[in-house]
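So the structure is just underneath, and the comments pick up after that.
In my numbering, the protein residues as written are 35 to 519.
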């Protein structure tokens with residue numbers, strides 16, 4: 035390839051050494067880091083330090099793949115994208131949904147692109163993004179958090195007042211119960227004691243975990259599974275089938291309940307009721323509910339886990355958060371106020387958690403038109419990946435990046451930093467940002483308020499290891515110590 039209009043071709047973008055026909059992705063190494071898929075965040079951060087602005091990654095039988103490491107390049111990329119951005123990913127999920135007649139009329143937001151994606155999003159975005167849509171769920175989410183704190187913490191503490199290594203699984207149960215309440219207006223019973231391994235609740239939770247784990251293997255690297263079924267693809271397909279069938283059963287029951295009940299114009303409508311009232315077709319409503327459940331378990335539970343860890347190892351931040359929470363919850367058993375808007379420090383704690391430990395470590399866009407970036411001409415069909423995890427944790431862009439400092443988000447504080455908005459994007463950007471953002475934030479806020487009001491959280495086990503299986507997750511057992519207030 036040769037230069038065009040003074041721009042260098044993408045093949046001249048710096049990158050790790052490559053081997054003909056095999057590219058360089060399989061041979062990327064970072065000093066002191068085991069070369070495993072779950073260390074993606076560490077390996078790609080090394081590439082950010084080495085190549086500074088951008089680097090080229092080549093994968094056999096895959097389109098060009100360019101990583102960018104500065105907020106300025108991120109801004110140029112995002113501003114160049116039109117109203118129908120193409121976001122690569124969930125290729126295996128797309129593979130099976132295209133072959134499943136159930137999804138013929140609606141494939142969801144995760145796997146669709148272009149006009150098909152736009153028409154689906156247009157039907158569901160108003161209820162999902164309306165701040166008032168969260169309000170009917172607040173009291174119910176509070177009840178779920180209270181029940182979790184009682185059954186999954188208070189009743190399970192050992193002699194050291196610590197929870198067991200199963201605490202992350204318990205957080206999955208809380209998140210599943212919460213998101214099913216939002217998606218279905220139904221209590222699923224995920225917090226019941228001694229759930230059977232083949233219970234529907236655990237089928238949903240384990241299904242999501244398996245889908246995310248296998249997606250990491252299937253989407254990355256060489257797509258052998260497209261040509262013949264691998265063991266990983268079969269594991270993925272089985273988990274996706276069980277998850278879909280279990281969720282569909284409850285989604286259809288919820289829809290029939292809505293159809294059977296008389297409409298009350300004065301009552302606050304749940305999401306399903308809003309979809310139904312606005313004329314969403316049933317296929318769209320069903321798949322939207324399915325994808326809400328899929329996207330709302332591991333993300334929120336991991337965020338709560340990371341927040342608790344960061345608060346536990348920064349006791350002065352935890353104390354400041356507690357003092358603010360006390361203004362809204364004067365007593366341990368106080369109920370939530372009508373508004374949660376007067377908790378600026380708690381909101382900054384969550385923002386800082388998402389900076390240090392974002393569930394999604396990167397975004398991606400597939401170019402539909404040529405794009406100039408940093409003096410290089412990127413061709414259509416190039417996958418461009420802004421690596422936000424690196425930027426948010428790099429001293430190049432964030433002062434004292436290794437410190438957990440919620441104050442950096444408070445405009446009236448001396449430590450306030452004007453962080454480039456195109457760098458910190460834990461929920462994505464633009465029209466393809468996470469459509470469930472408001473609900474996820476509310477779930478996390480309520481859980482942290484109720485838990486921190488009742489307990490001081492401690493951590494006595496050294497640095498937490500974080501791994502990646504599509505999403506970032508805490509690999510270290512979560513043996514938090516909970517001290518009553």
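Ideal placement from N, C-alpha and C gives every residue a C-beta, glycine not left out.
Using the C-alpha atoms, what's the distance from residue j back to residue i?
i, j, result
"residue 127", "residue 501", "22 Å"
"residue 213", "residue 124", "21 Å"
"residue 456", "residue 245", "29 Å"
"residue 341", "residue 408", "36 Å"
"residue 437", "residue 484", "25 Å"
"residue 295", "residue 162", "22 Å"
"residue 87", "residue 103", "5 Å"
"residue 416", "residue 326", "29 Å"
"residue 322", "residue 242", "15 Å"
"residue 142", "residue 269", "22 Å"
"residue 271", "residue 328", "15 Å"
"residue 41", "residue 288", "56 Å"
"residue 469", "residue 316", "19 Å"
"residue 236", "residue 432", "40 Å"
"residue 435", "residue 77", "18 Å"
"residue 138", "residue 154", "13 Å"
"residue 494", "residue 348", "12 Å"
"residue 334", "residue 503", "15 Å"
"residue 449", "residue 510", "31 Å"
"residue 256", "residue 150", "27 Å"
"residue 357", "residue 112", "39 Å"
"residue 439", "residue 386", "7 Å"
"residue 158", "residue 314", "8 Å"
"residue 264", "residue 359", "50 Å"
"residue 319", "residue 308", "10 Å"
"residue 260", "residue 168", "40 Å"
"residue 447", "residue 403", "43 Å"
"residue 518", "residue 198", "17 Å"
"residue 283", "residue 166", "28 Å"
"residue 110", "residue 463", "13 Å"
Quick check on this structure: which residue in the options has the alpha carbon closest to the alpha carbon of residue i?
i, options, result
"residue 217", "228, 193, 231, 175", "175"
"residue 119", "288, 467, 344, 281", "467"
"residue 461", "366, 423, 488, 432", "423"
"residue 292", "165, 306, 171, 279", "306"
"residue 208", "186, 196, 255", "186"
"residue 148", "401, 364, 372, 357", "401"
"residue 418", "92, 370, 273", "92"
"residue 222", "497, 210, 494", "210"
"residue 369", "67, 68, 180", "180"
"residue 429", "72, 83, 43", "83"
"residue 220", "517, 440, 64, 290", "290"
"residue 164", "509, 512, 489, 473", "473"
"residue 254", "50, 39, 59", "59"
"residue 116", "465, 487, 486", "465"
"residue 81", "231, 47, 110", "47"
"residue 353", "266, 364, 313, 490", "490"
"residue 376", "388, 420, 479", "479"
"residue 249", "72, 514, 371", "72"
"residue 390", "477, 445, 364, 508", "508"
"residue 482", "442, 443, 383", "383"
"residue 189", "227, 65, 170", "227"
Using a C-beta cutoff of 8 Å, does residue i count as contacting chain D?
i, result
"residue 226", "Any reference to chain D falls outside this structure, which holds one protein chain only."
Hey, would you say the C-beta of residue i is under 7 Å away from at least one heavy atom of the ligand FAD?
i, result
"residue 284", "Among the components of this structure there are no ligands whatsoever, and the ligand FAD is therefore not found."
Can you tell me the Cβ-Cβ gap for residue i and residue j, rounded? I've got them flagged as a contact below 8 Å.
i, j, result
"residue 506", "residue 129", "Contact doesn't hold; Cβ gap of about 24 Å is too wide."
"residue 351", "residue 345", "6 Å"
"residue 324", "residue 285", "7 Å"
"residue 136", "residue 412", "With a Cβ gap of about 37 Å, residue 136 and residue 412 do not count as contacting."
"residue 355", "residue 380", "6 Å"
"residue 426", "residue 392", "7 Å"
"residue 238", "residue 281", "6 Å"
"residue 215", "residue 178", "7 Å"
"residue 89", "residue 49", "5 Å"
"residue 114", "residue 405", "6 Å"
"residue 514", "residue 201", "7 Å"
"residue 57", "residue 97", "No, residue 57 and residue 97 are not in contact; Cβ-Cβ is about 12 Å, not under 8 Å."
"residue 454", "residue 420", "The Cβ separation is near 12 Å, so there is no contact."
"residue 487", "residue 363", "5 Å"
May I ask you to list the residues that DSSP assigns as paired with residue i?
i, result
"residue 417", "99, 400"
"residue 491", "516"
"residue 196", "515"
"residue 503", "505"
"residue 53", "57"
"residue 64", "67"
"residue 88", "102"
"residue 43", "411"
Go through the stretch 145-184 residue by residue and report every complete run of the beta strand (DSSP E) that reaches 3 residues or more, in order. Qualifying beta strand (DSSP E) stretches: none in this window.
Which runs of the alpha helix (DSSP H), 4 residues or longer, sit entirely within the stretch 343-412? Listed in chain order, they are 349-362, 378-390.
In the stretch 417-445, which residue ranges form an unbroken alpha helix (DSSP H) of at least 4 residues, counting only runs that do not cross its ends? Listed in chain order, the complete alpha helix (DSSP H) runs (minimum 4 residues) inside the stretch 417-445 are 422-426.
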